[in-house]
Amino acid sequence: VDPTLDLIQEIEKLKKEKNAIILAHYYQESEIQDIADYIGDSLGLAQQAANTDADIIVFAGVHFMAETAKMLNPSKKVLLPDLKAGCSLADSCPAPIFAKFKEKHPDHVVVSYINCTADLKTLTDVCCTSTNAKAIIDSIPEDKPIIFAPDKNLGAYLNKVTGRDMILWNGSCMVHEIFSQEKIVKLKERHPDALLIAHPECEAHLLDMADHVGSTSSLLRFTAESTAKEFIVATEVGIIHQMEKANPEKTFIPAPPNNTCACNECPHMKRNTMEKLYLCMKHELPEIHLQEKQIVEGRKCIDRMLEVSA
Ligand code: 13P
Ligand code: SF4
Numbered sequence: 022v023d024p025t026l027d028l029i030q031e032i033e034k035l036k037k038e039k040n041a042i043i044l045a046h047y048y049q050e051s052e053i054q055d056i057a058d059y060i061g062d063s064l065g066l067a068q069q070a071a072n073t074d075a076d077i078i079v080f081a082g083v084h085f086m087a088e089t090a091k092m093l094n095p096s097k098k099v100l101l102p103d104l105k106a107g108c109s110l111a112d113s114c115p116a117p118i119f120a121k122f123k124e125k126h127p128d129h130v131v132v133s134y135i136n137c138t139a140d141l142k143t144l145t146d147v148c149c150t151s152t153n154a155k156a157i158i159d160s161i162p163e164d165k166p167i168i169f170a171p172d173k174n175l176g177a178y179l180n181k182v183t184g185r186d187m188i189l190w191n192g193s194c195m196v197h198e199i200f201s202q203e204k205i206v207k208l209k210e211r212h213p214d215a216l217l218i219a220h221p222e223c224e225a226h227l228l229d230m231a232d233h234v235g236s237t238s239s240l241l242r243f244t245a246e247s248t249a250k251e252f253i254v255a256t257e258v259g260i261i262h263q264m265e266k267a268n269p270e271k272t273f274i275p276a277p278p279n280n281t282c283a284c285n286e287c288p289h290m291k292r293n294t295m296e297k298l299y300l301c302m303k304h305e306l307p308e309i310h311l312q313e314k315q316i317v318e319g320r321k322c323i324d325r326m327l328e329v330s331a
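Residue numbers for the sequence shown follow the UniProt record's numbering, so the first one is 22 and each next one is one higher.
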């Protein structure tokens, strides 16, 4: 790409020319968030994707999010700036292995976190995000046993808040497992008035000491509504951009990772760059393609989720 090109201007031009909409997750780099038409959590993004009248959906997020948008809009072109933008949670639950596991529990309802592949969605009864997970589980009759995939940390948290005893798949998010409890305790000693806020993909010992647990949109809302002036943020650092924008007088400290080489940025989310965003809109590539079965079967669990969350 010509280094003198004004990428912001070019992307804006392409949006109009092609009737394209850019949907961005809170974990995207700040510049991408600033040029997006909608920034949100996984639920908000799925709802936007379901309702857009744009011809092209450009997904500034990861692969499972773009797949979800394609299932909801099979006739539209869905672009992802980098097809390799995956997710450790989605990778942790391969559909063929899960299918065998499911066969052993034929009486169980399968609830899957939306962070999973299109193939896993075809094996799922109802999907959820961290925003609506409790409501989705509460909507299932109490006498129905549940398998929850793929996030064991979110699953354990949900077992606690719903009082259920769901069988948990052994998957996890590489970003949310990296925080150091020891360093956070020390940080709290130095910032006694700071509140610890954490995403439920974090491990239980961290959630137990948090002042607020919630999805990215819930954390964002909490920082705006709370009278506290300082927050230690235990989720991917990209979200801090919106927190600072909405609350310039407040301080946001990223929760420290457990060793100095580790980093609390999601390497998948951060594969997308302004340059790749521009190129993908210009060439309309890479595009998400799904098989008919993935769309028809996979979509059902998303539709069920959207009905409960409407
Ligand atoms: P939410 O934004 O829905 O809370 O999801 C967090 C996440 O890890 C997305 O990959
Ligand atoms: Fe997946 Fe975790 Fe990255 Fe979200 S932050 S995309 S759950 S690896």
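Note that CB positions come from ideal geometry on N, CA and C, so glycine has one too.
Does the distance from the CB of residue i to the CB of residue j come in under 8 Å?
i, j, result
"residue 67", "residue 114", "no"
"residue 106", "residue 293", "yes"
"residue 301", "residue 22", "no"
"residue 75", "residue 311", "no"
"residue 209", "residue 191", "no"
"residue 90", "residue 99", "yes"
"residue 236", "residue 151", "yes"
"residue 272", "residue 291", "no"
"residue 131", "residue 146", "yes"
"residue 205", "residue 260", "no"
"residue 309", "residue 31", "no"
"residue 223", "residue 255", "yes"
"residue 166", "residue 129", "yes"
Taking 8 Å as the limit between beta carbons, can you name the residues of its chain near residue i, skipping five residues before and five after?
i, result
"residue 120", "144"
"residue 35", "41, 299, 302, 303"
"residue 178", "221, 225, 228, 234"
"residue 182", "155"
"residue 327", "67, 68, 71"
"residue 116", "138, 140, 141, 143, 144"
By Cβ distance, which residues of its chain are closer than 6 Å to residue i, with the 5 residues on each side in sequence left out?
i, result
"residue 65", "none"
"residue 59", "44, 69"
"residue 102", "293, 297, 298, 301"
"residue 320", "92"
The alpha helix (DSSP H) spanning residue i covers which residue range?
i, result
"residue 272", "Run containing residue 272: none in the alpha helix (DSSP H); it sits in the beta strand (DSSP E), 272-275."
"residue 304", "295-304"
"residue 322", "313-330"
"residue 133", "No alpha helix (DSSP H) contains residue 133, which is instead part of the beta strand (DSSP E) from 130-134."
"residue 225", "225-229"
"residue 262", "261-267"
Closest by CA to residue i, which one among the options?
i, options, result
"residue 28", "317, 325, 297, 61", "297"
"residue 314", "215, 37, 141", "141"
"residue 270", "244, 197, 280, 278", "244"
"residue 207", "197, 194, 230, 223", "230"
"residue 322", "133, 71, 117", "133"
"residue 136", "24, 275, 194", "194"
"residue 316", "46, 85, 63, 47", "85"
"residue 306", "153, 104, 56, 72", "104"
8 Å is my cut-off, CB to CB: does residue i come that close to chain B?
i, result
"residue 265", "Reference to chain B is not applicable here, since this structure consists of a single protein chain."
I'd like the span of the beta strand (DSSP E) that includes residue i, first residue to last.
i, result
"residue 253", "251-255"
"residue 167", "167-170"
"residue 149", "147-149"
In chain order, what residues of the same chain have a beta carbon less than 7 Å from the beta carbon of residue i, not counting five sequence neighbours either side?
i, result
"residue 73", "42"
Uninterrupted alpha helix (DSSP H) stretches inside the segment 173-215 (no shorter than 4 residues): 173-183, 202-211
Which runs of the beta strand (DSSP E) fall wholly inside the segment 39-100 and span at least 3 residues, in chain order? 41-46, 59-61, 77-81, 98-100
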